[in-house]
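Peer 1: Residue 1227 is where the sequence shown starts when you use the numbering used here, and the numbers rise one by one after that. Ideal Cβ placement from N, Cα and C applies to all residues, glycine included.
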Amino acid sequence: MSKPVFECKRCGFCCQGESTVSLSPEEQERIASYLGLSVSEFLARYTVKRGKRVEMKTVNGHCIFYDEEESLCKIHPVKPFHCRQWPLHPSLLRDKESFEIIRRTCPGFSPEASWEEVKRFMEEQGIDSKRRGG
1227 MSKPVFECKR
1237 CGFCCQGEST
1247 VSLSPEEQER
1257 IASYLGLSVS
1267 EFLARYTVKR
1277 GKRVEMKTVN
1287 GHCIFYDEEE
1297 SLCKIHPVKP
1307 FHCRQWPLHP
1317 SLLRDKESFE
1327 IIRRTCPGFS
1337 PEASWEEVKR
1347 FMEEQGIDSK
1357 RRGG
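1. Which residues in the same chain as GLN1254 place their Cβ atom closer than 8 Å to its Cβ, once the five residues preceding and following it in sequence are excluded?
2. Could you give the distance in angstroms between the alpha-carbon of PRO1306 and the alpha-carbon of GLY1243?
3. Whose C-alpha, out of ARG1236, PRO1333, ARG1320, is nearest the C-alpha of GLU1349?
4. Would you mind working out which of THR1246, ARG1236, VAL1344 sits nearest HIS1288, comparing C-alpha positions?
5. Does DSSP classify SER1336 as helix, strand or coil?
6. What are the boundary residues of the beta strand (DSSP E) that includes VAL1280?
7. Tell me, please, which residues DSSP counts as bridged to CYS1289.
8. For LYS1235, I'd like the list of residues in its chain whose CB is within less than 7 Å of its CB, leaving aside the five on either flank, ordered along the chain.
9. In chain order, what residues of the same chain lie with their CB nearer than 8 Å to the CB of ARG1256, ignoring the 5 residues before and after it?
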């Protein structure tokens, strides 16, 4: 059996940065409910507004919901679409350059996996370049 082209290592690299993903109103409601909070409590405690975007706060360079000690997402069952999708983002399907940029930052990709193999894997998973979140 061949090695998978992608297998999440739970390293938290994709949870790092100065900002996080935008949250739709539905995602805000779903996460608030999961945490047992009202939407307004959730927004006040865990989010920041950047222009029109509502994003999860960051703590020590990671999403507020990433537990560094346990290497896990505290809201995994209800995490936002873009978090569930990453790093298997449709942009990987567009060109080899995008694939190489993302692959260099994510240890979940098999070093031997070619762009064509990852593209085939993503297509088998139902991920295409026109897919949108929600």
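Peer 2: In this structure, then:
1. VAL1265, PHE1268, LEU1269, THR1273, VAL1280
2. Rounded to whole angstroms, PRO1306 to GLY1243 spans 16 Å at the Cα level.
3. Considering only ARG1236, PRO1333, ARG1320, the residue with the shortest C-alpha distance to GLU1349 is ARG1320.
4. THR1246
5. Here SER1336 carries a coil assignment [DSSP, helix/strand/coil].
6. 1279-1282
7. THR1284
8. PRO1333, GLY1334
9. For ARG1256, where only same-chain residues beyond five positions count, the Cβ hits under 8 Å are VAL1304.
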